[in-house]
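Notes follow once the structure below has been shown.
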Amino acid sequence: MNFEDYITPENIYISTFILCFLSGFIPVVNAEAIVIGVAAMSGNNTIWQIALVSAFGQMLAKGILFFVGRGAIKIPMGKYEAKLAEAEKKFEKWQGKSDLFVFLSASVGMPPFYIVSILAGVVKLNFFRFFSAGLVGRFIRFGILALFPHLLRSSFF
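Here the working numbering is used: the first residue of the sequence shown is 26, the next is one more, and so on.
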């Protein structure tokens, strides 16, 4: 068996899911670069599957961060304490619009979704609403990113 035998759609989706899950915890593992790279190697008919698998991987990690915010798991916050306090103040301005806040953070990345995920747990948002808004935001973000290689390919080749 050679290496190419292992490059199947199933293995690509599993690898993408795992890498995007890891990137949800480790910011230097760049999910956006992963999505663009996988999309560039894949056919046009897999764009939305790649976006969905990536979004689920990320949201599984962000769901765990949500429960970290709830206090289910104790982790040292260190340098993120000040950023978390600043984000909590911004979050208070969005009372009644928390789903929109989570969606915007998940889709645009500002404020950083890592911090918003923890903060959503701290302020005790409904988990299902957090997960749903985040999943839709991430799906849109990754869907747009997955389109880029195909748009470039069709424009220049």
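Glycine is no exception: its CB is placed at the ideal position from the N, C-alpha and C atoms.
For residue i, does the count of other Cβ atoms within 10 angstroms reach 16, so buried, or fall short, so exposed?
{"i": "Thr33", "result": "exposed"}
{"i": "Leu160", "result": "buried"}
{"i": "Leu125", "result": "exposed"}
{"i": "Arg154", "result": "exposed"}
Taking C-beta to C-beta, are residue i and residue j nearer than 7 Å?
{"i": "Leu44", "j": "Ile61", "result": "no"}
{"i": "Ala158", "j": "Val127", "result": "yes"}
{"i": "Ala56", "j": "Pro174", "result": "no"}
{"i": "Gly88", "j": "Phe42", "result": "no"}
Do you know how far the Cα of residue j is from the Cα of residue i?
{"i": "Ala76", "j": "Ala107", "result": "32 Å"}
{"i": "Asn70", "j": "Ala110", "result": "43 Å"}
{"i": "Val53", "j": "Leu177", "result": "26 Å"}
{"i": "Phe92", "j": "Ser67", "result": "34 Å"}
{"i": "Trp73", "j": "Ile39", "result": "15 Å"}
{"i": "Ser123", "j": "Gly49", "result": "20 Å"}
{"i": "Ile140", "j": "Gly121", "result": "19 Å"}
Report the CB separation of residue i from residue j in whole angstroms; it is logged as a contact under 8 Å.
{"i": "Gly94", "j": "Ala145", "result": "6 Å"}
{"i": "Gly168", "j": "Ser132", "result": "Actually they are not in contact, since the Cβ atoms of Gly168 and Ser132 sit about 10 Å apart, beyond 8 Å."}
{"i": "Phe46", "j": "Leu85", "result": "6 Å"}
{"i": "Pro136", "j": "Ser142", "result": "About 11 Å separates the two Cβ atoms, so there is no contact after all."}
{"i": "Phe97", "j": "Phe164", "result": "The question names Phe, but residue 97 in the sequence shown is Ala. Not really, about 26 Å apart at Cβ, beyond 8 Å."}
{"i": "Glu117", "j": "Val147", "result": "So it is not a contact: roughly 11 Å between Cβ atoms."}
Is residue i near the ligand GTP - that is, is its Cβ less than 6 Å away from at least one heavy atom of it?
{"i": "Glu57", "result": "Ligands are entirely absent from the displayed structure, and the ligand GTP is therefore not among its contents."}
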